[in-house]
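Asker: Encoded as structure tokens, here's the structure I'll be asking about.
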Amino acid sequence: MSAIVTQQLLDSTYIVAAVLFILAIKWLSSPVTARRGVLAGEIAAALAVGATLCNPEVVEYKWIIITLIIGAGIGVPLGMVRITAVPQRTALSHAFGALSAALIGIAEYYVGVPHVTRFGMAEIGLEVIIGSLTFTGSLIAAGKLQEILPQRPIVYKGQNFVSLSVLGAALLIMIILIVHPEYSYLFPAMVAVALIFGVLLVTPIGGADMPTVISLLNSYAGFTAALLGFVLNSKVLVVAGALDGSSGFILSVIMCKAMNRSFTNVMFGAFGQVQQVAKAGQETRTVRSATPEEAAEILAAANTVVIAPGYGMAVAQAQHKVRELYDILTKQGVDVKFGIHPVAGRMPGHMNVLLAEADIPYDKLFDMDEINGELPQTDVALVIGANDVTNPAARTDAGSPIFGMPILDVDKARTVMVIKRSMAAGFAGIENPLYYLDKTLMLFGDAKSFVGSIVRELSGGSHG
Ligand code: NAP
């Protein structure tokens, strides 16, 4: 096959891969087409990697095979983590992606120096800086989410000034290198300063803001890949990186909106610091609790029930029991809907994925904005392992760290029942006044076993 034909074949494969990447993103936006989206993305990635391996410029496969084995050795176990660990797994994927982009940029520089052009240096410099800071930032984010590192923001006086100065130093070195690409002794300093900036960027951010940060790091990793595409003259990498970068950015914006926060507040607000909660008065407050039998009676007597699931449902893996509860209540003529908060759980779409896994019909899942209008006319709001996303302090307490965050208005339902194991706080570490309302009943227990007990009661009380 002539070189021209080979090149044309490779280019066509890359175009097909790019189109499939775009379709994958589109299909992933709805649960109905999500599986097709995943498949399209996998085929696109396989085509892009396969075509690259067939490129005649690849002269030796030994190192490629070795790195492929190492990569698969890390990737396969990472793909098998529990769904609750997916945020930290995603952070690690971003770390690896960014590291590889940064390393390729570094290699490109040393292969090219002293003949690197100024334009080429600008591309490499930006790519290496963003790749390096994304690498260390993502590692810190993964450490915080895995609770290896403290989740609370680590802050000190003048922090923003120090962090921005470090970023300024990295950019200054890059500018000197653009003017004098041959000053290769400055290059390692630029990489080191960018790596340090990644650590400084994420340490002051609290655990509750990690999803937004991860999504932002996802966006950085995507833009690094796009820049790498320019450095390597790879169109498919430019397209895939730009898609990744822009979708990550859009997701961050959506999440900021869902929490009623600005980007600056997320990045520099040190949200989630340990609060000095005013204990006075709280100790005397009491809550009402109920048994599975009582809960079952209340549910059976209701016409409308809205279930608000949260992180606890995911931890308990209660979604299949919830499905049984949905089935039995529906059979008894109760209208059951699910209210899904955009940041319920620990990753965007977390609840949708779990409920879809349990085959709950999609048309019973309602976004927060849709369901909030119905909650005041709802007989029972059943909160299953959700806490922060139902906290009315977000509406009423201007001093609360989550003030302004839109919530599921479960407190407006006629009766509220909350399944959780204790009075412990949720992710943001704050009290939830919902539990002390007269209309609220606490159902203390593990979500899976408590829902299971309610189902048994509803299906005739046979204990088996
Ligand atoms: P949450 O505020 O973290 O509360 C979860 C509740 O579930 C806890 O209060 C816990 O109380 C209960 N729980 C834990 N294990 C349980 C079990 N086995 N059975 C029954 N209950 C259990 O969760 P959320 O209301 O879903 O809110 C999500 C929070 O995570 C928000 O602050 C959000 O900003 C943050 N976040 C979201 C994402 C995202 O993208 N979705 C990512 C990271 C962080 P007990 O210990 O008393 O049982």
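Quick note on numbering: the sequence shown equals residues -19 to 444 in our numbering.
The beta carbon of each residue, even a glycine, is placed where N, CA and C say it ideally should be.
#1: Is the region 179 to 197 touching the region 103 to 121, taking contact as three or more C-beta pairs under 8 angstroms?
#2: Please confirm whether any heavy atom of ligand 1 lies closer than 7 angstroms to the CB of Lys400.
#3: What separation, rounded to the nearest whole angstrom, lies between the Cα atoms of Gly202 and Lys137?
#4: Out of Phe177, Gly228, Val135 and Glu277, which one is the CA nearest neighbour of Ser439?
#5: Quick one: residues in its chain with C-beta nearer than 8 angstroms to the C-beta of Tyr416, no 5 flanking neighbours on either side, listed in chain order?
#6: Say yes only if the C-beta of Asn367 is nearer than 7 angstroms to one or more non-hydrogen atoms of ligand 1, and no if none qualify.
#7: Could you pull the start and end residues of the beta strand (DSSP E) that Phe407 belongs to?
#8: Return yes when the C-beta of His330 is under 7 angstroms from any heavy atom of ligand 1, and no when it is not.
#9: Apply the 10 Å Cβ neighbour rule to Met60 and answer buried if 16 or more other Cβ atoms are within range, or exposed otherwise.
#10: I'd like the ranges of any alpha helix (DSSP H) spanning at least 4 consecutive residues and lying wholly in the region 363 to 407.
#11: Taking the CB atoms as reference points, tell me whether Val233 and Ala282 lie closer together than 8 angstroms.
#12: Going straight from the alpha carbon of Lys317 to that of Val369, what length do you get?
#13: Relative to the alpha-carbon of Leu157, which residue among Ala25, Met101 and Val390 has its alpha-carbon at the smallest distance?
#14: Is Leu27 closer than 8 angstroms to Gly17 when the C-beta atoms are compared?
#15: Please classify Thr204: does DSSP put it in a helix, a strand, or coil?
#16: So who's on the other strand from Pro289, going by DSSP bridges?
#17: Can Tyr416 be considered in contact with ligand 1, in the sense that its beta carbon sits closer than 7 angstroms to one or more heavy atoms?
#18: Give the secondary structure of Gly319 by DSSP, where H, G and I count as helix, E and B as strand, and everything else as coil.
#19: Quick one: is the Cβ of Val233 within less than 7 angstroms of any heavy atom of ligand 1?
#20: Provide the residue(s) that pair with Thr420 in DSSP beta bridges, ordered along the chain.
#21: Please report the distance separating the alpha-carbon of Ala288 from that of Gln139.
#22: Report buried or exposed for His95, applying the criterion of at least 16 other Cβ atoms within 10 angstroms of its Cβ.
#23: Quick check: the Cα distance between Tyr291 and Ser10, rounded to an integer number of angstroms?
#24: Ser9 by DSSP, collapsed to three states: which one?
#25: Mapping the DSSP letters down to three states, classify Ala258 as helix, strand or coil.
#26: CA-CA distance, Lys259 and Pro322?
#27: Go ahead and label Asn367 buried or exposed: buried means 16 or more other beta carbons lie within 10 angstroms of its beta carbon, across all protein chains shown.
#28: Among the residues of its own chain, which have a CB less than 6 angstroms from the CB of Gln255, if the five just before and after it don't count?
#29: Ligand 1 and Asp389: does the residue's C-beta get closer than 7 angstroms to at least one heavy atom of that ligand?
#30: Give the straight-line distance between the Cα atoms of Ile46 and Met235, rounded to the nearest whole angstrom.
#31: Quick one: which unbroken beta strand (DSSP E) runs of 3-plus residues sit fully inside the region 165 to 249? Chain order, please.
#32: Whole angstroms is fine: what's the gap from Arg183's alpha carbon to Phe346's?
#33: Is it buried or exposed for Asn35, if we count other Cβ within 10 angstroms and need 16 for buried?
#34: Given this structure, state the Cα-to-Cα distance separating Lys419 from Ile308, to the nearest angstrom.
#35: Do you know whose CA, among Ser242, Ser227, Arg303 and Ala361, lies nearest Asp339's CA?
#36: Comparing the CB of Gly307 with every heavy atom of ligand 1, is any distance shorter than 7 angstroms?
Answerer: Concretely, from the data shown:
#1: yes
#2: yes
#3: 32 angstroms
#4: Glu277
#5: Arg265, Thr266 and Val267
#6: yes
#7: Where Phe407 is concerned, there is no enclosing beta strand (DSSP E), given that its DSSP letter is neither H nor E.
#8: yes
#9: exposed
#10: 373 to 376
#11: no
#12: 17 angstroms
#13: Met101
#14: no
#15: helix
#16: Ile364
#17: no
#18: strand
#19: no
#20: Val396
#21: 39 angstroms
#22: exposed
#23: 21 angstroms
#24: coil
#25: For Ala258, the pLDDT reaches just 43, beneath the cut-off of 50, and the residue's location in the model is therefore unreliable, leaving the point undetermined.
#26: Here the model assigns Lys259 a pLDDT of 43, short of 50, so the residue's position is not dependable and the matter cannot be decided.
#27: buried
#28: The predicted position of Gln255 is uncertain, since its pLDDT is 47 and thus under 50; a value taken from the coordinates is nonetheless stated next. Excluding residues within five positions, none has a Cβ falling inside 6 angstroms.
#29: no
#30: 39 angstroms
#31: none
#32: At residue 183 the sequence reads Thr, which differs from the Arg that was named. Straight-line Cα distance between these residues: approximately 35 angstroms.
#33: exposed
#34: 24 angstroms
#35: Arg303
#36: For clarity, residue 307 is Asp in the given sequence; the question names Gly instead. Every heavy atom of ligand 1 is 7 angstroms or more from the Cβ of Asp307, so no.
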